[in-house]
């Protein structure tokens with residue numbers, strides 16, 4: 020029964036996933052179930068429920084409660100946490116992942132802000148491994164409401180911290196890298212992992228750098244092989260939910276922006 024599933028008060032996360040594109044939630048199922056191969060700490064009936072919902076592209080409230088509970092069970096880097104009955108709240112998972120990738124959480128810092136810090140750290144580490152040409156290509160792939168950013172990681176970092184299109188693109192690229200890693204180098208067809216200006220960056224040297232960073236951060240334990248990519252994917256879902264799409268050119272802008280930064284058309288709110 021749904022009433023019996025304790026998700027540690029993560030009702031905001033439940034609402035976020037309820038409103039999300041089913042294809043984006045399906046990516047979370049892949050990370051949790053190891054692309055349908057299953058994990059020792061996941062009951063077979065739970066895996067079957069998640070896989071069935073993914074196949075139908077329809078996630079009921081009950082299935083989303085199961086998904087969140089399973090993610091919470093992986094919250095932490097110990098065997099004890101993997102089998103803890105109620106797991107840990109999502110905010111604790113994000114803070115733990117941020118520490119794992121080398122970041123620091125502020126006191127009472129909002130979950131959305133912590134997610135953006137995770138993206139910053141992952142992309143910064145990938146940036147350091149790129150050649151100057153790759154860095155230029157990487158920078159040109161990002162945009163803010165005012166247009167394409169300059170060749171500077173500082174500019175990308177600032178745009179990610181503001182949230183919006185650049186943050187969504189950063190999450191899109193990082194999630195794509197984790198998915199490629201999980202699938203042995205391939206990208207799932209129709210997985211909604213690359214779009215717009217970010218599409219070209221998911222392949223070639225930039226994609227290789229990001230995939231290498233993704234791999235480095237998922238080797239520590241089974242828990243991190245789940246929690247790191249799930250936090251990245253949820254960051255993508257959150258940033259995507261905060262955008263409004265231009266009816267003229269289909270570019271995304273932060274909700275509340277009056278005119279499209281890509282074509283100048285008025286945006287419906």
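Numbering (the numbering used here), first residue to last: 20 to 288. From the three backbone atoms N, C-alpha and C, an ideal C-beta is built for every residue, glycine too. The structure presented is a predicted model; accordingly, all values stated were derived computationally and were not measured.
- Cβ contact annotation for residue 228 (same chain, cutoff 6 Å, sequence separation greater than five): 145, 148, 149, in chain order.
- Closest in alpha carbon position to residue 235, among 250, 224, 119, is 119.
- Residue 262 and residue 183 have their C-alpha atoms spaced approximately 6 Å apart.
- With 16 or more neighbouring CB atoms inside 10 Å of its own CB, residue 196 falls in the buried class.
- DSSP places residue 238 outside both helix and strand once states are collapsed to three, so it counts as coil.
- Put simply, of 199, 239, 240 the residue whose alpha carbon is nearest the alpha carbon of residue 230 is 199.
- Within the same chain, Cβ atoms closer than 6 Å to the Cβ of residue 112 are found at 94, 246, the five residues on either side in sequence being excluded.
- Between residue 32 and residue 51, the CB-CB gap reaches or exceeds 8 Å.
- Uninterrupted alpha helix (DSSP H) stretches at least 4 residues long and entirely within the segment 92 to 160 occur at 98 to 101, 109 to 119, 130 to 147, 151 to 159, given in chain order.
- Within a 10 Å sphere around the beta-carbon of residue 40 sit fewer than 16 other beta-carbons, which makes this residue exposed.
- The beta carbon of residue 257 lies closer than 7 Å to those of 35, 131, 134 in the same chain, with the five residues before and after it left out.
- Beta-carbon to beta-carbon, residue 85 and residue 175 are separated by about 36 Å, too far to satisfy the 8 Å threshold.
- In this structure, residue 186 lies near residue 179, with their beta-carbon atoms less than 8 Å apart.
- Apart from sequence neighbours up to five positions away, the residues of its chain that approach residue 260 with a beta-carbon distance below 8 Å are 35, 38, 39, ordered along the chain.
- By the CB criterion at 8 Å, residue 190 and residue 251 fall inside the cutoff.
- Here the alpha carbon of residue 55 sits roughly 13 Å from the alpha carbon of residue 64.
- Contact annotation, residue 177 with residue 141: C-beta distance approximately 16 Å; criterion of less than 8 Å not satisfied.
- Burial state of residue 129 is exposed, judged by a 10 Å Cβ sphere holding fewer than 16 other Cβ atoms.
- When only Cα atoms are considered, residue 110 and residue 123 end up about 13 Å apart.
- In this chain, the alpha helix (DSSP H) harbouring residue 175 covers 172 to 181.
- Under the DSSP assignment, residue 28 falls outside any alpha helix (DSSP H); it carries neither an H nor an E label.
- Around residue 58, the same chain offers no residue with a beta carbon nearer than 6 Å, after the five sequence neighbours per side are excluded.
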